Amino acid sequence: MDIRQSIHSEHAKTLDTDGLRREFLIDKIFDADNYTLTYSHIDRIIIGGVMPVQKSVTIGHEVGKQLGVSYFLERRELGVINIGGPGFIDVDGKTWEIGNQEALYVGQGAQSVIFRSSDANHPAKFYYNSAPAHTHHPDKKITLAEAVKATLGDAATSNRRTINKFIVPDVLPTCQLTMGLTRLDDGNLWNTMPCHTHERRMEVYFYFDMADDSALFHMMGQPQETRHLLVHNEQAVISPSWSIHAGVGTQRYTFIWGMVGENQVFDDMDHVAISALR
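Residue numbers (this note's numbering): 4 to 281.
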């Protein structure tokens with residue numbers, strides 16, 4: 004378990020490039036036949052990936068011991084989006100078939116969660132977020148067709164994109180976790196610009212579908228003192244509530260966003276005019 008502490012905005016201003024990357028960047032999400040797990044003290048979100056290839060993978064009771072509980076989801080809920088080949092997730096004996104760009108919500112209290120791929124030559128890549136939960140909500144699979152869609156931006160400003168909201172109140176109830184997938188149109192490079200902050204929840208961006216020779220500049224920091232992280236394919240960035248979270252790529256890309264905090268109102272945000280950025 005990789006543990007990240009909360010970082011005060013004033014402290015973040017003093018960090019150099021290596022310091023920013025150490026605190027906010029998750030540089031490895033997938034490891035063959037294993038899971039990765041990063042625990043952030045910011046709203047106690049857990050971020051990671053599961054990539055079963057030759058064998059099934061489970062996030063076992065050893066994680067529960069590190070969390071101070073009996074098993075991983077004793078007091079947590081889980082959201083998973085598959086960005087790889089087709090696979091299966093077994094939850095307490097029930098099997099869910101999860102294809103590419105399909106999601107599964109697993110409610111608080113599930114004791115056994117096992118991940119499998121359909122084809123070792125084209126393994127599933129299960130990206131997940133987990134948040135503390137106070138009650139159980141039913142498990143649910145969400146297909147791309149069932150996600151709530153919104154198309155925003157304009158090609159003239161290079162930010163035309165489609166937001167697919169998989170785990171949101173309009174689709175299913177959760178305790179606090181929300182997740183979705185945003186795909187930029189061809190030729191578009193910016194996401195979430197004009198940018199915003201939201202004091203009532205934090206967010207994690209997971210960037211993927213990027214060419215090997217491309218990169219993305221993830222903008223972070225307070226609006227009047229911005230910083231950036233250079234991000235490559237299948238890496239994630241932790242965004243505190245005080246930070247903007249926007250990015251521009253050298254080529255088109257896709258990203259998964261996950262939010263945890265006080266509310267689940269998608270448009271509850273504090274917009275920042277481009278002219279006000281520094």
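Yeah, the Cβ is synthetic: ideal placement off N, Cα and C, and Gly gets one too.
Here the structure is a predicted model, which means the values were calculated and not measured.
With a cut-off of 8 Å on the beta carbons, I'd call residue i and residue j a contact; round off their distance for me.
{"i": "I101", "j": "I92", "result": "6 Å"}
{"i": "Q104", "j": "L147", "result": "5 Å"}
{"i": "M182", "j": "G82", "result": "4 Å"}
{"i": "W260", "j": "Y208", "result": "6 Å"}
{"i": "A249", "j": "N194", "result": "6 Å"}
{"i": "Q114", "j": "Y74", "result": "5 Å"}
{"i": "S121", "j": "V56", "result": "S121 to V56, Cβ: 11 Å. No contact."}
{"i": "V251", "j": "F220", "result": "5 Å"}
{"i": "H199", "j": "M272", "result": "4 Å"}
By Cβ distance below 6 Å, which residues in the same chain neighbour residue i in space, the five residues on each side in sequence not counted?
{"i": "M213", "result": "N236, Y256"}
{"i": "I277", "result": "P197"}
{"i": "V60", "result": "Y38, V53, F118"}
{"i": "H64", "result": "Y74"}
Let me make sure I understand the geometry here. Which of the options has the alpha-carbon closest to that of residue i?
{"i": "R203", "options": "A136, S73, F269", "result": "F269"}
{"i": "N266", "options": "T41, R24, T165, C178", "result": "C178"}
{"i": "N124", "options": "M54, E65, V60", "result": "M54"}
{"i": "L18", "options": "D34, I49, M272, L232", "result": "L232"}
{"i": "F33", "options": "V251, I50, T20", "result": "I50"}
{"i": "V240", "options": "G63, D271, N132, T61", "result": "N132"}
Skipping 5 residues on each side, what residues in its chain have a beta carbon closer than 8 Å to that of residue i?
{"i": "T99", "result": "Reading off the sequence shown, one finds Trp at residue 99, where the question assumed Thr. The answer, listed in chain order, is F91, I92, D93, L107, D142, K144."}
{"i": "H44", "result": "I6, R7, Q8, S9"}
{"i": "D189", "result": "R255"}
{"i": "D36", "result": "M54, P55, V56, Q57, K58, V60"}
{"i": "R281", "result": "P226, Q227, E228, T229"}
{"i": "D347", "result": "Absent from the structure is residue 347, since the part of the chain shown begins at 4 and ends at 281."}
By Cβ distance below 7 Å, which residues in the same chain neighbour residue i in space, the five residues on each side in sequence not counted?
{"i": "L30", "result": "It is Asp, not Leu, that sits at residue 30 in the sequence shown. Same-chain partners within the cutoff: Q238."}
{"i": "A279", "result": "P226"}
{"i": "T253", "result": "S217, A218"}
{"i": "V151", "result": "K168, V171, D173, V174"}
Tell me, which residues are paired with residue i by DSSP?
{"i": "P135", "result": "R79"}
{"i": "R164", "result": "L155, L187"}
{"i": "R7", "result": "S43"}
{"i": "W260", "result": "G183, Y208"}
{"i": "M222", "result": "H231, A249"}
{"i": "S120", "result": "G90"}
{"i": "N194", "result": "G250"}
{"i": "A35", "result": "M54"}
{"i": "K143", "result": "Y108"}
{"i": "D215", "result": "According to DSSP, which records beta bridges pairwise, D215 is partnered with nothing at all."}
{"i": "Y130", "result": "G52, I84"}
The ligand ADP and residue i: does any heavy atom of the ligand fall closer than 8 Å to the residue's C-beta?
{"i": "L81", "result": "The model on display carries no ligand, and the ligand ADP is accordingly not part of it."}
Measure the CB-CB distance between residue i and residue j and report whether it falls below 9 Å.
{"i": "R79", "j": "Y42", "result": "no"}
{"i": "R163", "j": "L187", "result": "yes"}
{"i": "G264", "j": "H201", "result": "yes"}
{"i": "I84", "j": "Y38", "result": "no"}
{"i": "G88", "j": "K128", "result": "yes"}
{"i": "H140", "j": "L192", "result": "no"}
{"i": "I48", "j": "M205", "result": "yes"}
{"i": "V66", "j": "L40", "result": "yes"}
{"i": "A134", "j": "D46", "result": "yes"}
{"i": "V116", "j": "L180", "result": "no"}
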